[in-house]
Amino acid sequence: MLQIQNIRQFWLGVLFGVIGLIALWELPRPIGTLTAMGPGYFPMLLGIGLVLAGAASIVIGIRSHSHTEVEPLSLVPTFFIISGIVAMALLIDRAGLAVSLLFMVLGTCYDRVLKHPIEVAVIYIAVLGMTWGVFLHLIKLPIKLFW
Amino acid sequence: MDFLQSLLMGFHVAMTPENLMFCLIGATVGTAVGVLPGIGPVTTIAMLIPLTFHMPAIGSLIMLAGIYYGANHAGSTTAIMLNMPGEPSSVVVCLDGYPLAKKGRAGAALAMSAISSFVAGCVAFMIVAALSPQLSHIALAFGPTEYFATIVMALIMASILTDDSLVTTLGMCMIGLLIGAVGTDLTTGDERYAFGIPSLSDGVNFVAVAVGLYAFTEIIEYSGTTAIRQKMSFSFRGLIPSRDDLTRSWKPILRGTALGSAFGIFPGTGPMLSSFVGYSMEKRLAKDPSRFGKGAIEGVVGPEAAANAAAITHFIPMLTLGIPAGAAMAIMLGALQIQGIAPGPGVMTDHPALFWGLIASMWIGNLMLLVLNLPLIGLWVRLLGMPFHVLYPPIIAFSCIGVYSEQNSYFDILFAAGLGLLGILFRILGANPAPLILSVVLEPLLEQNFRRAMIIGNGDVSVFLKNPISLGILLFTAAVMIYFKVKRKSIIDDVVNLDDKAREPA
Amino acid sequence: MNRKLLRFLLAAFAFAPAASTIAQTTDYPTQTVRVIVPYAPGGGTDITARIVAEQLSKEWGQSVIIENRPGAASQIGIDFVSKAKPDGYTLLWASSDGLSILPAVKATVPYKIPGSFEFISSFSSYPLVHSVSAKLPITNMKEFLDYAKAHPGQMNYASTGPGGGSHLQAAYIAKELGLDLKHVPYDSGGPASVAVAGGHAEFTEQGPSTVLPYIKAGTLRAIVVSGSKRASALPDVPTIAEAGYPNLTSDLYYGILAPAGTPAAIVQKVRDDVQKVLKSPGMTERLNSLGLEPFGLTGDEFKTFVVNDLNKWTKAAKAIDFRLSGP
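Chains as they are written, first to last, in the numbering used here: chain B, 3 to 149; chain U, 49 to 554; chain S, 2 to 328.
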């Protein structure tokens, strides 16, 4: 039974390979030649390089003697925080700063909303006040406060 | 003497109450903004340029320069306290600054970094003043081949510092180069990897990449913890550096200054690369390299001095040649021209008051930074007494809006979120994102110069070895690389997973 | 939270689209105006844009900022404006490169001339200065010809990008004089000039405002100018016709445009004020010192000129069988 020792190096290799293959699959055309490079020439070199790096990395991962483990990661905060940021991105043009920030704060403070609702509300108002003051009032970014 | 006279005139210009005020405003705003992760000097200068339209030329340049080096300096503050680099050049300051903070020595680390910045600033200022008149022809010697070699050096040098295997580093570099290649090919105008998304057709937003890979990733990783204070015990007794800190630091400061001053002169390299190489140099020279990554003061002051010296000598190619040496300098160049001054060899002869006034103001600005930062350190320390979950909604909000403001594009925030996920993946797999982010910045320079070098050299890849300057750069790079790999293999083994060790609670 | 926020709320609720459109045209500009320059800072396009932006800023009491979006012989920046919101707050400062040369030589450009734009006003005309590295033993057109003939395939010229005037003019020279030259693309005139000044390429065709600092510093040498008249800032440099090649003559221009669909009242206001800037005292001297001539066509006049110029370049490109394939 094959036991992969350096599991990080192995999965990094897979990641490199996948990105390299995507780059080659979506390669911009024309490629051109070394003395007359098209938009695809340099990405082609990179794609090939990544596939090679990926293959090497996988081989090293399998044959390596140094043992590594994958860092544990809690999926819950990743999900909520990224969702909060995504919600903010999607809402900022349509619903304005106030609403988009509300969703962002709800997402990032997911674990405290139910336990400490007042604290979260205070954080929200403080963040809204700060961003309004700096970005809308002072720097006059073209962001609406409301929809 | 001609040079002294010019310098005196410069101080005369910079010391007017009005210009002193602009310098103070610039340094203060720059510091305040630099402390915020995700909003670096580039964004700040870009945002504040409209303010300078109604100001006199010299005043506006003094203020923007103040923002630039103020932000450069302040980025280290968040790096030390939060393990969040305020901008790319302070990435390495995290490596030892943050462990120092965890040992309760944040105050000393901040004070030493302020002092090293000041010393480096003073020396670099003298270098700019003394060398500018002679430097334009040295920089002219850099053509496509030399640029390409320099960039390769930059990427490989950055890899020396990371703990990853060579294959991992190369892979990370190539991912970064691919991300940098997204958008319109600058030479042919064809779109690449834009997938029909309008804000990608202009190329990726660098601020979004930085925020995604650093700020978001960091926050997600910490979100489980309740307060930073639990991770670090701050105390004010540590604010004053010990005698030991000073004796350990004076040599690294001088070395970093020399290195940064030299690197800053070359377009394309700059504070970030200088800080990276400065770190690896200190580690290489240290008697006990194993202390690095665990809170060695040399690992803070060396790169800090190098970055600040480079931030200032960076003005040399811009003021003498009109070549912006980095994104922030490109925007400064814009500010210069808004005032109707064409950059290039003419600046020094046609606008001596502006040139020398700006140079003198850099020194004054550095003095102000020293005076400004040391008393404010207490404020930053107190800021960290706040529970982490209170701190990160505003950090995310400022980062998101900062990203958004570059192009008023909500997609850029989405893009940053996506890179946040990628950053999490890299963290799980223990790969350092630093070479990736450097590659994103250097991609256009690397590709365009590769292209030009191939045209001029008729597709002969060996031009890079035939050209004496590029051969010298590549040999130097290889020598450093081999030296490091062969003689210090033990260090690499020791640094493996340095990031993770640094993150473990003390 | 204060009166401003209250006003904001009131404005949000009292939403009246008709009223706001009228207000827009008469009050214009009520916010910062962006002028996109499709080249990096330091070139002639950029410098002239900044001169005008500075004056408009004073005239309007609003910030007029320059945003540089270089790449692909100015195509990237021009394309950006053609897709911008036509509200008068994003304007384009372009040169012949992207307006009448690139569309003549490239199979597809992402914008249409004249359809994608409102033509506000042209501003100045300029020649291309045929400049060689001062390291070369070339002082006139004949020496250039001899040197190029003696070094076939070794003469590189730096351009502002494939398909721009600086590329086409050099290709034109190569074809007409039967020379074997190589094209090294840069994204803007500034870096291209630096490369030639440093001896990394042999010559470049650039607007006078781009190369004047290098000529003064002695790192570039002007051989001929492409214009029908000598450039006022380079009175000793002959025109290309005087040097014996009248069919290589070309005059280029800078002008300001808005995305198609920009309200006529705004276009008219910008036009009037740009004309005012052009006619302001001292402007002719300032332009002359940069090697430029005032050239103030307005509206349809400007549009017709651009369309004719485009046809002229299309014919010229066809005559030398110049097509853009690869860089």
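The beta carbon of each residue, even a glycine, is placed where N, CA and C say it ideally should be.
query, result
"Which residues in the same chain have their Cβ closer than 7 angstroms to the Cβ of leucine 288(S), if we skip the five residues on either side of it in sequence?", "Ser125, Glu294, Pro295"
"Give the range of the alpha helix (DSSP H) segment to which asparagine 289(S) is assigned.", "284-290"
"Tell me the residue span of the beta strand (DSSP E) that contains isoleucine 37(S).", "34-38"
"Thinking C-alpha only, which one of Val139(U), Ala464(U), Ile444(U), Ala482(U) is nearest leucine 103(B)?", "Ile444(U)"
"Run the CB neighbour count on isoleucine 530(U), radius 10 Å, all protein chains shown included, and call it buried at 16 or more, exposed below.", "exposed"
"Excluding sequence positions up to five away, which residues of its chain have a Cβ less than 7 angstroms from the Cβ of phenylalanine 363(U)?", "Val176"
"State yes or no: is the beta carbon of alanine 123(B) nearer than 8 angstroms to at least one beta carbon in chain U?", "no"
"Whole-angstrom Cβ separation of valine 419(U) and alanine 157(U), contact assumed at under 8 angstroms?", "Incorrect: roughly 19 angstroms between the Cβ atoms, too far for contact."
"Using a Cβ-Cβ cutoff of less than 7 angstroms, which residues in the same chain neighbour alanine 50(S) once the five nearest sequence positions on both sides are dropped?", "Val36, Val38, Ile67, Trp94"
"Rounded to whole angstroms, what is the Cα-Cα separation between threonine 22(S) and glutamine 63(S)?", "Confidence in threonine 22(S) is poor, its pLDDT being 42 and thus under 50, which makes the residue's placement unreliable; the coordinate value appears in the next sentence. So the two alpha carbons sit approximately 19 angstroms from each other."
"Could you give the distance in angstroms between the alpha-carbon of alanine 189(U) and the alpha-carbon of glycine 199(S)?", "6 angstroms"
"The alpha helix (DSSP H) with arginine 339(U) in it runs from where to where?", "No alpha helix (DSSP H) holds arginine 339(U); DSSP gives it neither H nor E."
"Between the region 55-80 of chain U and chain B, which residues of the former have a C-beta closer than 7 angstroms to a C-beta of the latter?", "none"
"According to DSSP, is tyrosine 126(B) part of a helix, a strand, or is it coil?", "helix"
"Name, going along the chain, the residues of the region 211-224 of chain U whose beta-carbon falls closer than 8 angstroms to a beta-carbon of chain B.", "Ser213, Val215, Thr216, Leu218, Gly219, Met222, Ile223"
"Could you please give the first and the last residue of the uninterrupted alpha helix (DSSP H) stretch that includes methionine 106(B)?", "77-110"
"Helix or strand or just coil, what does DSSP make of valine 130(S)?", "strand"
"Give a yes or no on whether the minimum CB-CB distance between glycine 114(U) and chain B is below 8 angstroms.", "no"
"Any C-beta of chain U sitting closer than 8 angstroms to the C-beta of lysine 183(S)?", "yes"
"Confirm, please, whether the CB-CB distance from leucine 234(U) to cysteine 221(U) is below 8 angstroms.", "no"
"Looking only at DSSP bridge pairs, what is methionine 2(B) linked to?", "Shown here, chain B extends from 3 to 149; a query on residue 2(B) therefore has no answer."
"Nearest-angstrom Cα distance between phenylalanine 118(S) and alanine 172(U)?", "48 angstroms"
"For proline 209(S), tell me which candidate among Ala234(S), Val185(S), Tyr173(S) has the shortest Cα-Cα distance.", "Ala234(S)"
"If the cut is a Cβ gap below 7 angstroms, which residues of chain B does serine 271(U) touch?", "Pro79, Ile83"
"Which residues of chain U have a Cβ atom closer than 9 angstroms to the Cβ of alanine 73(S), listed in chain order?", "Thr232, Asp233, Leu234, Thr235, Thr236, Gly237, Asp238"
"Tell me whether the region 183-193 of chain S and the region 144-160 of chain S touch, counting them as touching only if at least three CB pairs, one residue from each stretch, are closer than 8 angstroms.", "yes"
"Excluding five sequence neighbours on each side, which residues of the same chain lie with their C-beta closer than 6 angstroms to the C-beta of tryptophan 314(S)?", "Ser101, Ile102, Ala105"
"If you follow the beta strand (DSSP E) that histidine 168(S) is in, where does it begin and where does it stop?", "Segment 166-178 is the alpha helix (DSSP H) holding histidine 168(S); no beta strand (DSSP E) there."
"Tell me whether the beta-carbon of alanine 149(U) lies closer than 8 angstroms to the beta-carbon of methionine 129(U).", "yes"
"In the DSSP output, what is serine 96(S) paired with across the bridge?", "Tyr255(S)"
"Give every residue of the same chain whose Cβ lies closer than 7 angstroms to the Cβ of proline 153(S), excluding the five residues on either side of it in the sequence, and list them in chain order.", "Asp181"
"Can you find a CB in chain B that lies within less than 8 angstroms of the CB of alanine 445(U)?", "yes"
"Report the three-state DSSP secondary structure of glutamine 25(S) (helix, strand or coil).", "Model confidence at glutamine 25(S) stands at a pLDDT of 45, short of 50, so the residue's coordinates are unreliable; what they give is reported in the following sentence. In this structure, glutamine 25(S) counts as helix in the three-state DSSP scheme."
"Sorted by chain position, which residues of the same chain lie with C-beta nearer than 7 angstroms to aspartate 144(U)'s C-beta, five sequence neighbours on each side aside?", "Phe340, Gly341, Gly343, Ala344, Gly347, Val348"
"In chain U, what lies closer than 8 angstroms to alanine 95(S) by C-beta?", "In chain order: nothing, as chain U lies at least about 15 angstroms away."
"Could you give the DSSP three-state label for glycine 237(U): helix, strand or coil?", "coil"
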